[in-house]
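**Student:** Mind having a look at this structure? Questions to follow.
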Amino acid sequence: MKHHKLKISKIVDELMNYCFYMGSTHIHVDVQETEKYFKIYCKCNYKENSLKKVEKLVKLLNCTKHEEIEEYYWTLTGDCDVANELSLVGMMTDEAIVKYSEGQDLEITLYRYK
């Protein structure tokens, strides 16, 4: 697979865009590379009236990975809506864990295996 680290940076970019979309004022991102995978962790605050958006995020990130189409679709990303970008992030990752509750921070952990 080509451009592993570039794809990771674009995934991080989309997660940060999502946090801003949710009204976040404090965002923490951590990326870890191991021999077997990349782990992307994002924690942010969000507006209390955004719970439905967070529930939609969970669905978008937990779609099936599609390696065969990610190269093609990633070149098409740009100024699309948030849902389209997040579904692409879901297609590019192997595992997504989202933790949230009303009035608490949103925590997103993504794994992309090599």
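Residue numbers for the sequence shown, in this note's numbering: -5 to 108. A virtual CB, placed ideally from N, CA and C, is assigned to each residue, including glycine.
1) I'd like the list of long-range same chain contacts for His60, defined as Cβ closer than 7 Å, with 5 residues on each side in sequence excluded.
2) How long is the line joining the alpha carbons of Val23 and Lys30, rounded to whole angstroms?
3) Determine the DSSP secondary structure at Ile5, reduced to helix, strand or coil.
4) Can you look up Glu27 in the DSSP assignment and give me helix, strand or coil?
5) Per DSSP, which residues does Thr103 bridge with? Please list them.
6) For His60, which of helix, strand or coil comes out of DSSP?
7) Is the beta carbon of Cys36 sitting closer than 7 Å to the one on Ile91?
8) I need the straight-line Cα distance from Tyr94 to Lys(-1), nearest angstrom please.
9) Just reading off the alpha helix (DSSP H) that Lys53 is part of, what are its end residues?
10) Let me make sure I understand the geometry here. Which of Gly97, Gln98, Glu89 and Glu96 has the alpha-carbon closest to that of Ile34?
11) How is His(-2) classed by DSSP in three states: helix, strand or coil?
**Tutor:** According to the data block:
1) The residues are Met85.
2) The alpha-carbon atoms of Val23 and Lys30 are separated by roughly 20 Å.
3) In the three-state reduction of the DSSP assignment, Ile5 falls in the helix class.
4) In the structure shown, the three-state DSSP call for Glu27 is strand.
5) Its beta-bridge partners are Tyr35 and Ile91.
6) The DSSP-derived three-state label of His60 is coil.
7) Contact: no.
8) So the two alpha carbons sit approximately 28 Å from each other.
9) Unbroken alpha helix (DSSP H) run through Lys53: Leu45 to Leu55.
10) When Gly97, Gln98, Glu89 and Glu96 are compared, the shortest CA-CA separation from Ile34 is found for Glu89.
11) In the structure shown, His(-2) sits in a helix (DSSP, three-state: H, G or I).
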